[in-house]
Each structure stands twice: as structure tokens, then as C-alpha cells.
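Residue numbers (our numbering), protein chains in the order written: chain A, 495 to 1087; chain B, 495 to 1087.
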């Protein structure tokens, strides 16, 4: 018996609610949310990052996608919640359930502060046809959740110019210029990474990303920042004030939106704007639905950022080299598990200057665990690494000068023939994407195929995208650019010089092992011909790739050359800063094949 | 002085119209339109296939895309019309002109019968903001156009089961099944190719495509066909009646739409439904905007169609072989021009059984004319072919058993090194797409890159899509499938077994020459693995590729093998039906490289 569920049901009865919807977000609708807003985890025990819950009198279901079917199946046991398997990830299939199971005249409720306005509009349209009512003003959780974690209180801090590369006034000016082009009077910012970038502020409100809980509203001649005043230290308040930024209480965003002048226009991003914010905008204000301007601007790294990213990736490469050296020399001698390996890697990262922590929950998957693309070891699943088998390690760090994300898969014993084939075909994808040259104007989904082709040729494939945008001392996943066709991808975004993207083709053999080689690639200009401007990628991650897993006969001469050149670069750059024993070891690891 | 333009302006004055818009379509909004509706050609002299005209008191402009800049520049001379160059093809940029040049309170008018409903909606939204009025009830042309060609009167005819593969009742049943799944009560059909396919009827109302002017409305238990009764012969009337199809006068479509019952739903295709038809649908009928069901169904060829297509492509290959044999032996000896070559090819095609004519205006481009992707020789541009230089020939035929489309580029003398490089890089694209293997669920834009990669690697590219769907004894361009990202492409359509698509990478050197090798490829199933079902293409066009233009060192072993296998097949199949001299010649042309 889930007492929390029963408590919500009794609240529902009180208000005459027939179905209550709980999404897995917070008022900023981002990927990374503070504990205070992890309602679904508290209510159901499910710890994944994608889910929606619907509760009715005699039903309680949690919808999630195939990444989480096994995990949710276990975590929902005895929770009173039924696992509802999504046919298509990131879609509100629960709306269909509501339509099919509720009677005419029923009342559906949710908390509009944490529901995207687009979903609410979709529901309104669907419900009105069949006579179901929708009320978005219901927070049934706050009164029930007794030991609820407090709202974030971490102190915000300045992200100095030597890291940011551009001052907040420069950035605000650039945003205003775009607003002018788009004919917009106002711009509402809800994404915490947008605000952190624009104001050169970072915080500590969520795990893994240095985000600071806030909203912002850009108005003609005025720029408002909505945040808890106690989170902003005095020195930062003064700096913001000096730059003409008006700090207002966090909750005032709703009132300020209500005050917008009629006949004016506002840019909002439907996917990250809650129904409550949306409905606060007066009806006669013209809505321009677009990806936010800061999202587009910050995707293109400036020269200072690019230089810092290069430095950070050297640090990350040093930490990884030390880790893999340690692992190779320790496995089978001391007890190492998936979790302890992840801890050890973090230790090596934290030894590097300016590293503030991991950029996401490390995926350390031994053998069959490596076949789960989003595996996250827990004390219950943790296994010991032995001097045999395959170990996949996907990790990243937060540094003041950038965010990293890298995957290497290594063989701890002797690789089988099939393992070598699998590893090599996926690696050919990583290399092919790194080598691709393409005309300016090309979108991410137009070049993704090159990363999959070697696998497709052999009747193989992987079920996730090939590349995601990467933030700068911010979120490890940041759009709008993407190499793929996923729901998160924006089909209008072209790949531009200065964009930082992951390159991570993979192959997963269920119950056996997974292979993924992931590097960060930076888009740069190539030649200009009579056919136009061409672009290319530069691989900026620095870490050896396990050549004991390579079936050389499957690689082309160009691919072999790329790998040997890359390994030469890795050795040249990292070896200068490594102790003699690791340097010698790395020389072997990066030998030409 | 353009008297027609002045006559329209005086009509505009009469009705108080400040700007009049003329689109280049007919009431069916298709690519192929009868002479009766070629208003822009009559008014401006422009003969291209894409344009919009706007006339105001002191301005007259014709908007078209880069394919037509040179042609329109010439044809509009002294027409009173200014060439307005589209920045993005197939977009209504003239709306921007109207907004920028008309004052508040102005009246814009057009003929809603030939304007897509989507464009009208877009204009309404844009105009209401700035106080411009829109009236879609104005046909200012009919009264002025004195020698206007009559509405089409060609007799319709049955497309028999031995060609169609499925009876009209089977097809109607399949459409109704899809309507049920989509929850639709009605389905409006406006595209002539949809109607021709569904009813197994063909006609002769437009050049190049055997289309029959008609609308259709599918209702619960009733199916209506709107057409000129005199175009339908008695035997066909009886057959239609026997199959439960009710023939109504062409113009009755408007009345029948007005009679639709409230609360019901109707599927319409916004891109091919005129504003007049759209506005005839009662407001309380629920509109389902989707690509029409016949468009989706007919894109997947049935087994009888596939078998017929194979036979037709043999016939087409025989005609092409005879033509190229003749050309090679005659050029420099008798006078051959671009136009006479096209005529000669048509002669050879018409000798083949069941060929009814060309499927589009042949593109016969010698040297620099080949660099114009949509070049169409006219007596003014026509040039003589000599035993030197490059000749690009893009042509197709209509047969009862299928529609063909093929491009070959041949060298009439000695190819230069650069020509060989250019030809080979584009040919690598044609071959790479033909060889690609991809998982079920893949969309056309996801595999297009493979056709461009060899060119991109060398800083080269082409400015059109890579592949279009091909009809069956219908339009040579038929969606919804496409290999590319063009405006005509539907981003939701996956490539399915049975789809027939063109494969036509190219390279154009302005002022010099163009290379394009185009084959039709048929999608078919490949293996099914633990990673899912995979698909492949089969190249079904049969004609030798000029190996004297190939730089073999640029090709991979797989590409060379593909080419040699293809040439072997071309020879084996065609040689049986060719006279001895051509057979011997073809043996040389198809020799392994």
C-alpha cells in the first residue's frame, strides 16, 4: 500500500478530480531538476529522467520509454503504480489513456507550473471534443509531502570574463539585436542554462550542472532577473545592478508577465515555458514561439571558450589516462567495482585544476551492463571488474572552462573475434563522423547516416542519437544542434562553426556487452569553393582508444590514418604532463596500427 | 506595353483592388496543368513551372526560384513584369512584398479556386495584423483572355487490371480502411494522380501525364466522382456505376462540400486543396490535414505494377540503346541538334509497345546547356551536337505499365581529366545510394548524404534533391517519398519496400558542362537481424553508363564491382532483343572496367 498515493487520491476526491497528472519536471522544464521537484521519485520510487504519472480512482500508471523499462519494472514493484510502456519516447501517450478511460464530464487536473504550455494546449483541444474538463491549478503534492527537500538555496557566483569570453552586457546586446530582427518587444527566459549563460552566473541548485534557479524577462530598455535574493551574494548584486539588471523576487515573474502591454510581442519557447507562465501573458500580447535566442547564441562557442575547452580537454585526458593506467594495473589485484571505478575516476578528475565535479552520473558498465545505454550502477547492481570482459565508461566533468563528456570501452582480457568486429564497426562510425566535410547549411540529421553506415552494412544499429550539443560549464546536453533525428532535435538548426557536439555511435549486444567510443567534436570552417563554404569537425577529446579491440581489416586506409594521427596527437599533448610510467604506458596504447 | 496587364489593372480599379495575386496553378494545384490554366504564361510570357505574380497600380512582379533566373530574365523582357528572385524556393515571399508596399486599408485579391488554402490562411494572419483586407473571390482573367484554350476535353479511359494490379473496388476498400484508422468520415481528393490511381482511370488533359480532370469525395457508403460527363465514355460510365461510383458534374464539388454534416470529420491535403474548396467545408466539420491516403498507398507499387515496371524499363533501355548507338554513329555526319536528338529518342521510344509519349519535356543539354539542371531546348537556344564535348540527356516515357525517368551523360569526343573526376564523383553518388542498406523506419533525408559524400569530400555539391518518387503511368514526380530535404519532401515519410524513386546525383560547372547519372531504384527488403528489419534498393533502369568518362582510381572496389555487375545485367537483358550491330556495340559499352 502506497500511502502517498492514497493521500493524493483523497485530495482528488476532495476537489472532485477524476484524474491527476504529474510530470517529471520543475517550473523550468529542464533535464536537470532539484530534489525539491522530484515528485515522481518521492511518489513512485522511479529514479529515471523521463516519466509522466496519471492517477485515477482505480488506476495509477507511470509512462516511460524503453531505456527505462527494466529499471522502472523493478522500482515500481509494490508502489501501486503500473508501468506503462511508451511506444514512442517523449510523447504524451497518457493523454490517449485519459481519453479512453474517462467519461464525459470528468475533471482532469494538474499543476500548470510544471507542465509545458504545449502539452496543456494539446490536452485542451483533445478533451474539449469529448467533454472532459481540465484544471491546471492543482498542486496536490505540497501538503502531503512531509519531509520534502527545501527549494534550492545554493549561492550563485560570477562566471568571470576569462572563462565566459563575453561580458553580460555584450551578450544582452547580442540578444536584443536578434529580438529586433525577429520583431519582438519582450523575451521570456525560463531555461536555467540560458539565464546562466546570459548573465555569466553559475549556481549549485541541481546535481551535475552549475545552475541557478531563476527566470528572466527582457523588456525594451529593461532586463529583469527573478531569483531568491538570498541566493545572490552582495558582490554579484552590485555587479548586476551596475550592468542595469533588475533583481526581483523569484515568484514575481507571474505578475510581471501579467503586466505586459497589449499589442506588443514576446518570444517564448513552448517546450520550456510552463502553462502557468504562458497563461500569465495577456491575451492581446502577440506570442512568437521560437527556440530562445540565448539557446541559439550559446551553442556557438566564442574564441575564449574554445581555447578554454581545449585546455579543459587536456585536463580531462590526463585524468582519464591516469585512471585507465591505474585500472589496468589494479584489476584482479584489488577489488574494483563499477561504482568504485567511477569514484576513482572522479578522484583523478578532481585532482585537475578548476574541476568542480562530474557533469552527469557516470555510466560504468561491465559486460552485460554495458549493453544498457543509460545504465547507472547502484549498490544493488554493482559488480566487480575482473581481468577479463568488456568495460564501458561514459563520464564527464564540470570545469570553469567547459563541460566534458567522453566514452571509452576497453577490453580487460582477450577480445573475441565478434567483439572486435562489433567494436570496429561502431568505431568506424565515430571516425567517419569526425572526418566528414559538408556544406554550410547542413543540418545534423543530414550527416548522421555516415556514423551508422558501417553498422547498417552489417545489419546492425543503435537505438539512440549520434550526437548532442554540449554546454560550457553548464548542461552536458544542450541544444539546439544535434546529430540525429531525436525528439530533442530541432529540425531547423544547421551545424555552425563553433558548435561543440558529441560523436558517439555504439553497438549493444543485449546480455553480453556494449561498445561506444565517444569524443567531443568542434565544428570549424573548411575550404570555400565555387560550390560554397564547407565545414568540418575537429575531434577535441584526448584519450586513447583501445586498439586491442580493433579488427584492422575492417577499416579503410583513411580511417587507419585518422586513428594513428589521433593517437599521435593524444600522446604528444598528454605525455608532457604525465609521470614517466604512465607516459611509457600511453606510448604503447597510442602506437600506430 | 503589355495590354493584358493594363486590362487587369483596369479591372482592379473597377473593383477597388490594390494588389492582385496570380499563382501558377489550376484548381487541382498539381505540377502539371492544362493550357487553359496557364495564366502566367499567357500574361507574362514566362514558361517555367514555378512562379507567382503580383500586380499593383505601379508594379508588376514575377517571383521565381534560381532554376529560372536566366530564363525568366529573358522571357519577361518588355512584358511589364519585373523578375523577383526568390531567396528560398517554393516560398510565398511575395507576401512580404505586399506587407512592405501596401498601406493600411488596402485590398488584396486573388482567385481562391487556384490558391492553396494554406497560403490564404498565412496571408489572412499576416494581413490582419497590419490592416490589409483579402478577397479570394476575384477571377480577373477570364473576361480578358480572348483566345483562352478551352477546358480539357480529352476522353478518359480505363487503366485495365493487368496494368493496375488492383481493382478500383479493392483500392477504395483500402482507402476506407485507412480512413477508419484515422477516424475520418470524409476524404476529399483533389490531386488528379490520386483520382486516376484510385479509379483506374487515365486521361489526356495535360501534357506528359495521362491525367483526367476531376475531384472526388469519399463519404460513408458513397463515393463521388466530379468530372465533365462528356469526357467519360459510355463503357467507363457503366463500369464506374457498377462499382458504386456516382458521377457528378465537375463544378458540383463545391455544393457537395457545403452539404457535409456537422460534427463529422474530413481528410484534406492542405497543399493541394484550394482556398475555395476549403471554405466550402462547413465550419463545424472537423478538418484532418494530412497527405491524402491514395498518395501514400500508390507510392508503394503492387506486385503486378512492379513486374510491369521491369518490363517497361527493358523497353526503355532498348530505345535508349538504339538512340545512343545511332547518335554515336551519326554525330558529325548528319546534322543533329539538342531538339532533333530529343525527337529521335522519342521516335525510338514510340517504337516500343505500349509507349504513349514522353513523361516530361526532355532535357537535352550540350556542353554548357548541360550545366542548367532544368534546361529545356527551344528553337532559339538549340545547338548542334559535334563529335566532341559533353551531352546530358534526361528523358522519360509514359507506358501503360509504368512511367520512366533516366539521365545519361555521354562524352562525344575525348574527356578531359577534370571532366573524368567530376563525372566519377557524381557517379559514385548514384552508385552509393543504389548500394545503401538501411533499417526500416528510415526517412529519405536520412540517407541522402551518401549520394553527396564523394562530392562533398572534394568541396563540390549540387543544388537540387537526390531522388523523387515516380508514378505509375502517371506523374514522373510523385511523393510523398523523396531522397532529400526539399520543400516537396514530407519529413514524416519513411522509405518502404515497393517505392520507386529516382537516384540522380549530379555536378554542374556553370558555362562548361553538367554531369548526371540517373537511375530508378526500387526499395526492397533485405535481411532481418536482432537489430531489426533492413531494406535495400534495386536499380531497375537499364542503360549503359559511359565508361570513357570514368576515373577508375577514384572508385572503390565495391563501386567498380557494382558498375561491372550492372553493365553485365544491362547487356544480358537488352542484347537478346537488339540487332546484331547494336548488340556488338553494347558489348563494348558494357565491358568491365
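Think of the CB as a built atom: it goes at the ideal place given N, C-alpha and C, for glycine as much as any other residue.
For the segment 934-950 of chain B, residues whose beta-carbon sits nearer than 9 angstroms to a beta-carbon of chain A comprise 936, 937, 939, 940, 941, 942, 943, 944, 946, 947, 949, 950. Apart from the 5 residues on each side of it in sequence, residue 546/B sits with its Cβ closer than 6 angstroms to the Cβ of 517, 557, 588 in its chain, given in chain order. With respect to the C-alpha of residue 1011/A, the residue from 530/A, 1017/A, 607/A, 886/A having the closest C-alpha is 886/A. For residue 876/A, the CB contacts under 7 angstroms within the same chain, skipping 5 residues up- and downstream, are 831, 832, 833 in chain order. At least one CB atom of chain B sits nearer than 8 angstroms to the CB of residue 1026/A. Closer than 8 angstroms to the CB of residue 953/B there is at least one CB belonging to chain A. Here the segment 814-822 of chain B makes contact with the segment 834-844 of chain B; the two share three or more CB pairs at distances below 8 angstroms. Proximity of chain A to residue 931/B at the Cβ level (cut-off 8 angstroms) is accounted for by 950, 951, 953, in chain order. At a Cβ-Cβ threshold of 8 angstroms, residue 606/A and residue 630/A count as neighbours. Counted as a single uninterrupted DSSP element, the beta strand (DSSP E) harbouring residue 1003/A occupies residues 1000-1003. Taking 9 angstroms as the cut-off between beta carbons, the residues of the segment 1008-1032 of chain A near chain B are 1020, 1021, 1022, 1023, 1024, 1025, 1026, 1028, in sequence order. Note on residue 964/A: 16 or more other CB atoms within 10 angstroms of its CB, so buried under the neighbour-count rule. Residue 774/B is positioned such that its CB atom lies closer than 8 angstroms to that of residue 748/B. Nearest to residue 1085/A by alpha-carbon distance, out of 1071/A, 1074/A, 1065/A, is 1065/A. Residue 913/B sits buried, since 16 or more C-beta atoms from the chains shown fall within 10 Å of its C-beta. Residue environment for residue 525/B: buried (at least 16 other C-beta atoms within 10 angstroms of its C-beta). Remark: C-beta atoms of residue 789/A and residue 699/A do not approach each other more closely than 8 angstroms. At a Cβ-Cβ threshold of 8 angstroms, residue 766/B and residue 522/B count as neighbours. Around residue 625/B, the same chain offers 598, 599 as residues with beta carbons nearer than 7 angstroms, after the five sequence neighbours per side are excluded. By a beta-carbon distance limit of 8 angstroms, residue 941/A contacts residue 930/A. Their separation comes to about 6 angstroms.
With a contact defined as Cβ atoms closer than 8 angstroms, residue 993/B and residue 1017/B qualify at about 5 angstroms.
Closest option to residue 762/B, judged by alpha-carbon separation, among 1058/B, 821/B, 781/B: 781/B. Taking 8 angstroms as the threshold, the shortest C-beta distance from residue 763/A to chain B does not fall below it.
Restricting attention to beta strand (DSSP E) runs no shorter than 3 residues, the segment 994-1047 of chain B encloses them at 994-997, 1000-1003, 1007-1010, 1013-1023, 1026-1033, ordered along the chain. With 16 or more other Cβ atoms from the protein chains shown falling within 10 Å of its own Cβ, residue 559/B counts as buried. Residue 767/B has a beta carbon lying at 8 angstroms or more from every beta carbon in chain A. At least one CB of chain A lies nearer than 8 angstroms to the CB of residue 985/B. Straight through space, the alpha carbons of residue 884/B and residue 1031/B are spaced by roughly 29 angstroms. Just so you know, the alpha carbons of residue 735/B and residue 691/B end up roughly 17 angstroms apart. Contact with chain B is found for residue 979/A, since one of that chain's Cβ atoms lies less than 8 angstroms from the residue's Cβ.
Shown here, residue 848/B sits in coil according to DSSP, grouped into three states, outside any helix or strand.
Residue 990/B places its beta carbon 8 angstroms or farther from that of residue 779/B. For residue 627/B, no alpha helix (DSSP H) encloses it; the enclosing beta strand (DSSP E) starts and ends at 627-629.
Excluding residues up to 5 positions away in sequence, 944, 945, 947, 948, 1053 lie with their Cβ nearer than 8 angstroms to the Cβ of residue 926/A in the same chain. Considered as a whole, the segment 868-903 of chain A harbours 884-889, 891-893 as its complete beta strand (DSSP E) runs of no fewer than 3 residues, in chain order.
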